[in-house]
Every structure is written in structure tokens, then in C-alpha cells.
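Counting in the working numbering, the sequence shown runs from 203 upward without gaps. All remarks here apply to the structure that follows.
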Amino acid sequence: MADAKANAEALVPKFKFEKLLNQDQAGRRTSLYGTIDSQPALLILERAPFPSSHDYLEAVTGSLRTVKNLGANDIYHWYLANSGEISRKATLGESSSPDEDTSFADLKINLIYPCTEKHIKKYSKQGVRLVTETPAIYREHVRPYMQAQREAGRLNWAFNIIEGKKEVEDVIYRTPYGQDPEEGFLLLPDLNWDRKTLDALHLLGLVERRDIWSLRDLRRKHIPWLRHMKAKFLEATTKVYPTLEEDQLKLYVHYQPTYYHFHIHIVHVALEAGATQAVGKAVGLDSIIEQLEVMRGDEEAGMDAVTLCYTLGEASDLWNEVFEPLKKNGTASRSPLADR
């Protein structure tokens, strides 16, 4: 048994790389072709989970070789970092210039500082519930909750981006601000995208207009606008990334969204669906348009008349203040709020 284990472990160092076959899971798994003792071999590399030991987690930030800031807005910061011993020469090749990063960035880091108790709840492990939001629950409980968040200034960070006051260097495409408030928009990288791996592309399309808070505000009269904005988002994305074609992209919105200003997610179709694309969270833009088109009523008929089912974390304010009280006794509190 010991000999068999030792022999198996001795194979990996003998692997001679010839070519890359594939990268998936947003670049976290790589399939390589090569040989071992002149025989063909496949080697699949996958990022292992982070250790959960106290000693490792205490030391990890101090052991980073490089940390490069990608952007910041208010209390939110994001970075690329290198945790290992891989040199620039090995990762970028002999022709790399002195201006290139000195190390391969194998970590994407998001920092919220200073964070609040609501941030801690949001990012803590928690149970998940499937809730049913009827038009009446939306009208009587969820809509007031949304309004309270907006009135508390929870969208100031988004308005700063839209108005060109923050994250100017991070915006990858925008129409001239204020020139056409109804059709103006900008594209910005999602915080979880490394800005390099196109198969994992994830952009946010923020519209200038402020009268649409979520998909609940969409009505039949908005169908031409939605189709036009879809075309504009696809055109802008393929202009910025010319190696992509429109049928390699998909557009969706979240419900519930993280913040109540209408925005559309643009992702590569090869991006493997995680929690943010799962049923009960993501709703395809085309599906929304089709639902509006077959909806009975005049131009004011809209998504506020539809029952929606989606998932909520048990630590979320919407669960604690609306749906859990409704489940227990048919009442719901009206206290704000949640953070970005």
C-alpha cells in the first residue's frame, strides 16, 4: 500500500506540460495536456479550498507578496494579490517588461472597511428560505422597505458612480452623463470579476434614470426601452471586448437586487452559474420582456402585479422584518435597512 501511494505521488512531478486544453469555473480549474515518461497524460489543476485553521487565516494577509488595488468607492475596495512564489518570468514569460506586475495575481480580494453589523450578517454563513412575494405583500410591505432604503441614502455610492464623482477610472464605457437621462448608462466591472478572464466576464450596466428601482417597476410601456437598452449594452460590451460576440453574452437582473436602482448584469455564457445566477435570484432580461408582452392590460400593466418566488438569507433584513413576521403571525415590521 505504501509503495503504491509513493509511486502515485511520484507521477505528478514527472508531468511535462505541452499545451493548455481548457479553463473553467472562472479560471479556477485548468486542464493541461502533456506527457509522463513519454506517455500522453492529462493534468487537471483546481484551486483547493482555503484552510480554516486559525493560524493560516491569521497569517494570510501578512504573507501576501503583492497587493494591487483595482478600485475603491467609499468603504468598498478590491484588489488582486499574489500569495505564492511564482515569479513574473514564469507567469508572464521572458518578454515581460519591468512595468508588468512583478507577480502572478492568484487572489481576488474584496475589502469592506469600516464594515457594519449588516455587512457581517450578509457575509456570514446562514440558512436560506424560499419566499413568495405576492402583489399585496410587495405593495404593503416590500415597497415601503425599498423606499426606506433609498431615503436613508443607501444609494449615494451608486449615484456617485453614475454622476462621474467616484470610480471614474473603473468605468469601461459610458454615454455622456445628462445628455439623454432616459437612455444614458454606463458599464462597470462586477467586483467579483478579475477583469482579465473573458470566459468569466461579469459587467454591471447602470442606467441613469432613477424612476425604476427594480424589475417590479417595469411596465408594458417600458418594452421598447428594455429592447433598446439590451441592444445598447450588447453593442457597448462587444465594442470594449471585440473578441466577444453578442451571442456569447447573457443579460439578467436580480430580484431581490442588492440595491434599489435598476441595473442589468452582463455575463459571458460560459460563466458557470453560481449563487448569483441561480433560480430564485436571477431573472433573464428576455424573459421579463416576454412576460410583459403577453401581460393583459394597458401600457401601465406591469411586474408589480406578478407573484414572485425567490430566496432570502435568514440574516437578511427583508427576511427578519417582513417575511418571518408574516410567516409567524401575519404582521411585518417597517424598520430599515440593509447595506450595499
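Yeah, the Cβ is synthetic: ideal placement off N, Cα and C, and Gly gets one too.
> Taking C-beta to C-beta, are R421 and M348 nearer than 9 Å?
Replying inline: By one-based count along the sequence shown, residue 421 stands at place 219. By one-based count along the sequence shown, residue 348 stands at place 146. Their beta carbons are not under 9 Å apart, which means R421 does not touch M348 by this criterion.
> If we call anything under 9 Å between Cβ atoms a contact, is P459 one with S416?
Replying inline: As a working note, residue 459 is residue 257 in the sequence shown. As a working note, residue 416 is residue 214 in the sequence shown. Yes. Within cutoff.
> How long is the line joining the alpha carbons of R418 and A507, rounded to whole angstroms?
Replying inline: Taking the first residue of the sequence shown as 1, we reach residue 418 at position 216. Taking the first residue of the sequence shown as 1, we reach residue 507 at position 305. Each residue's Cα considered, the two are about 8 Å apart.
> Between the C-alpha atoms of C317 and H279, what's the straight-line distance to the nearest angstrom?
Replying inline: The residue you call residue 317 lines up with position 115 of the sequence shown. The residue you call residue 279 lines up with position 77 of the sequence shown. Distance between the alpha carbons of C317 and H279: 11 Å.
> Exposed or buried, what is Q381 when buried is set at 16 or more other beta-carbons lying within 10 Å of its beta-carbon?
Replying inline: Taking the sequence shown and counting its residues from 1, the one referred to as residue 381 is at position 179. Per the 10 Å Cβ criterion, exposed.
>> With distance defined between alpha-carbon atoms, name the residue in H343, F525, K323 and L213 nearest to Q241.
In response: Locating residue 241 in the sequence shown gives position 39, counting from the first residue. Closest by alpha carbon: L213.
> Candidates N284, V373 and E248: which alpha carbon is nearest R267's?
Replying inline: Sequence index remark: in the sequence shown, residue 267 carries index 65 (1-based). The option with the nearest alpha carbon to R267 is N284.
> Which runs of the beta strand (DSSP E), 3 residues or longer, sit entirely within the segment 297-362?
Replying inline: As for any beta strand (DSSP E) of minimum length 3 sitting wholly inside the segment 297-362, the runs are 309-314 and 330-335, ordered along the chain.
>> Whole angstroms are fine: how far does the CA of A250 sit from the CA of T304?
In response: The count along the sequence shown starts at 1 and reaches residue 304 at position 102. The count along the sequence shown starts at 1 and reaches residue 250 at position 48. Here T304 scores only 45 on pLDDT, less than 50, and its place in the model should not be relied on; the value that follows carries that caveat. Whole-angstrom Cα-Cα distance: 24 Å.
>> Assuming the contact rule is C-beta atoms closer than 8 Å, V485 and Y457 should be a hit. Round their C-beta distance to whole Å, please.
In response: Here residue 485 is taken as the residue at index 283 of the sequence shown, counted from 1. Here residue 457 is taken as the residue at index 255 of the sequence shown, counted from 1. Confirmed, about 6 Å.
> So what does DSSP say about Q458, is it helix, strand or coil?
Replying inline: As a working mapping, residue 458 is identified with position 256 in the sequence shown. Coil.
>> Given a cut-off of 9 Å on the beta-carbon distance, is the pair I363 and E369 in contact?
In response: To locate residue 363, count along the sequence shown from 1; it is residue 161. To locate residue 369, count along the sequence shown from 1; it is residue 167. In this structure, E369 lies closer than 9 Å to I363 by Cβ.
>> Buried or exposed for A360, going by 16 or more other Cβ atoms inside 10 Å?
In response: By one-based count along the sequence shown, residue 360 stands at place 158. When all chains shown are included, A360 counts as buried.
> With a CB to CB cut of under 8 Å and the five nearest residues on each side skipped, what residues in its chain are close to Y315?
Replying inline: As a working mapping, residue 315 is identified with position 113 in the sequence shown. Answer for Y315: I277 and H279, listed in chain order.
> Whose C-beta lies closer than 6 Å to the C-beta of L494 among residues of the same chain, with five residues either side of it excluded?
Replying inline: Here the question's residue 494 lines up with position 292 in the sequence shown. Hits under 6 Å: R422 and I425.
> When we look at the beta-carbon of V344 and count the other beta-carbons within 10 Å, is it buried (16 or more) or exposed?
Replying inline: Along the sequence shown, one-based indexing puts residue 344 at 142. Classification of V344: buried, given that the 10 Å Cβ count is 16 or more.
> Just curious, the beta strand (DSSP E) that S233 is in, first and last residue?
Replying inline: In the sequence shown, counting from the first residue as 1, residue 233 sits at position 31. Looking at the DSSP string, the run of the beta strand (DSSP E) that includes S233 is R231 to I238.
> Would you say L282 and V262 are within 9 Å of each other, going by their C-beta atoms?
Replying inline: Within the sequence shown, numbered from 1, the residue matching residue 282 stands at position 80. Within the sequence shown, numbered from 1, the residue matching residue 262 stands at position 60. Cβ distance not < 9 Å, so L282 and V262 don't count as in contact.
>> Measuring straight from C-alpha to C-alpha, what distance separates A208 and N271?
In response: As a first step, residue 208 is located in the sequence shown; it is residue number 6 there, counting from the start. As a first step, residue 271 is located in the sequence shown; it is residue number 69 there, counting from the start. Taking the straight line from one Cα to the other gives about 43 Å.
>> Please report the straight-line C-alpha distance between T513 and L528, rounded to a whole angstrom.
In response: Here residue 513 is taken as the residue at index 311 of the sequence shown, counted from 1. Here residue 528 is taken as the residue at index 326 of the sequence shown, counted from 1. The C-alpha of T513 lies about 16 Å from the C-alpha of L528.
> Since E410 contacts D226 with CB under 8 Å, what's their CB separation in whole angstroms?
Replying inline: For the purposes of this step, residue 410 is identified with residue 208 of the sequence shown, where counting begins at 1. For the purposes of this step, residue 226 is identified with residue 24 of the sequence shown, where counting begins at 1. In fact, because the Cβ distance is near 36 Å, the residues do not count as touching under 8 Å.
> If you drop the 5 nearest sequence neighbours on each side, which residues of the same chain put their C-beta closer than 8 Å to that of L487?
Replying inline: What you label residue 487 is simply residue 285 of the sequence shown in a count that begins at 1. Closer than 8 Å at Cβ, skipping near neighbours: L428, K432, L453, Y454, V455 and I466.
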